[in-house]
Amino acid sequence: MHSRWSYSALVGSPRPVTMESIQEYVGELHKIDYPRSERVRKRCEEIVKDQANARRGILGTWYGAESRELALTCLCDLDGASARDSMTHLPSFNESNVTLVDTKGKGVEKLTASGPEFDGNVYDVDAIIWGTGFVSPFGGSPAGRAGVQVYGRDGISLEARNNAGDLSTLHGAISPDFPNMFWLGPLQTGVSPNFVFTLDIMSSHVARLIRESEKKVGGKAIIEPTARAVEDWGMEIAMGALGLAGMDGCTPGYLNMEGMVDQIPPEMRMAAARKGIWGGGVEGFCDALESWWAKGGLEGLEVAAAA
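Heads up: the sequence shown at position 80 corresponds to 79 in numbering that gives the first Met the number 0, and the numbers run straight through without jumps.
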């Protein structure tokens, strides 16, 4: 996508960021983003004939492009034939049968037999495609986000443990009291704008954990991290949290739980930082995993033979 912001602000950077340098770091990110956002807004105004639609903050963004719709804004920032091929959605707003309705962030008021209604106007449609149901990766446990209940040892609920603020992992893959239950992030892992890459890293890591554990006990294994291991991993995650400071102040969206992340009280920020993503970028995360394996593997894990 050729978006330096996406890689630096959204998924972390190997550049060390301290409390003393954080203001300078965020300022540099905004300098990177502003001219790019201006190009996106200008291209929108060039294509969409109704300048009110192009400029009023629906098609043409008033916020920094880093905050939302990363893939879309990156495509809009392409040049030449690539941009024309990737922006076929914008000319559609010039068609006579297309109406763009600004709900001022409130959404439609109700549905009638012929279509949605907003501000006293009913818009007749043949079909409705709902763009709803997005669940932030930062809210709830993996079980809660999937809408299911998962219970571990002694009947412990995964979602209840998360709600109590006690859910933590080793490498974003496995948690105490939930033996042999693995998940693939994104929390407490390194992530990339190409999330399939993260899934590949994590699935390979988990497969290796299982293989080495079974090799250790000579058969099927019960695998579970120690409390100390997840505590140490959480501290490593927290130490890199400043590298993600560029996402503070973004407009509400699923990346910041509809703006709730910015409202976390200072006394709770450390706990939240421990459950974030690896702030040093995905390459740094891969290096951390390899360093862990280089120590002999399975450090911080309790491995026992299954009965």
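Here a beta-carbon is modelled for each residue, glycine too, at the ideal position from N, C-alpha and C.
Classify Leu-69 as helix, strand or coil using the three-state DSSP reduction. Taking the first residue of the sequence shown as 1, we reach residue 69 at position 70. With a pLDDT of 46 at Leu-69, under the threshold of 50, the predicted position of this residue should be treated as unreliable, though the coordinate-derived value follows. Three-state DSSP puts Leu-69 in a helix.
Three or more beta-carbon pairs under 8 Å between the region 206 to 225 and the region 32 to 41, yes or no? no
I need the straight-line Cα distance from Gly-280 to Gly-189, nearest angstrom please. Taking the first residue of the sequence shown as 1, we reach residue 280 at position 281. Taking the first residue of the sequence shown as 1, we reach residue 189 at position 190. Approximately 6 Å between the Cα atoms of the pair.
For Glu-289, which residues does DSSP report across the bridge? Your numbering for residue 289 matches position 290 in the sequence shown. According to DSSP, Glu-289 bridges with nothing at all.
Between the alpha carbons of Gly-59 and Val-47, how many angstroms are there, rounded? Taking the first residue of the sequence shown as position 1, residue 59 is located at position 60. Taking the first residue of the sequence shown as position 1, residue 47 is located at position 48. For Gly-59 and Val-47, the gap between their C-alpha atoms comes out near 10 Å.
Looking only at C-alpha atoms, which of Arg-210, Lys-109, Ile-200 sits nearest to Asp-286? The residue you call residue 286 lines up with position 287 of the sequence shown. When only C-alpha atoms are compared, the closest one is Ile-200.
What three-state label does DSSP hand Glu-257 in the structure shown? Here residue 257 refers to the residue found at position 258 of the sequence shown. In the structure shown, Glu-257 sits in coil (DSSP, three-state: anything other than H, G, I, E or B).
DSSP-derived helix/strand/coil call for Asp-78: Taking the sequence shown and counting its residues from 1, the one referred to as residue 78 is at position 79. Here the model assigns Asp-78 a pLDDT of 47, short of 50, so the residue's position is not dependable and the matter cannot be decided.
What span of residues does the beta strand (DSSP E) with Leu-183 cover, start to end? Position 184 of the sequence shown holds residue 183. Leu-183 -> no beta strand (DSSP E), and no H or E assigned at all.
Of the residues Val-302, Leu-241, Glu-301, the one placed nearest Ser-20, counting alpha carbons only: The count along the sequence shown starts at 1 and reaches residue 20 at position 21. Comparing Cα-Cα distances from Ser-20 to each of Val-302, Leu-241, Glu-301, the minimum goes to Leu-241.
Could you round the C-beta distance between Ile-127 and Leu-99 to whole angstroms and report it? I think they count as a contact, below 8 Å. For the purposes of this step, residue 127 is identified with residue 128 of the sequence shown, where counting begins at 1. For the purposes of this step, residue 99 is identified with residue 100 of the sequence shown, where counting begins at 1. Leu-99 and Ile-127 do not touch by the CB rule: their CB atoms are close to 16 Å apart, not below 8 Å.
Three CB pairs or more closer than 8 Å across the region 112 to 131 and the region 181 to 197: no
Could you give the distance in angstroms between the alpha-carbon of Met-267 and the alpha-carbon of Gly-104? For this step, residue 267 is matched to residue 268 along the sequence shown. For this step, residue 104 is matched to residue 105 along the sequence shown. Computed Cα separation, rounded: 29 Å.
Which word fits Ser-12, buried or exposed, when buried means at least 16 other C-beta atoms lie within 10 angstroms of its C-beta? Here residue 12 refers to the residue found at position 13 when the sequence shown is read from its first residue. Answer is buried; the Cβ neighbour count reaches 16.
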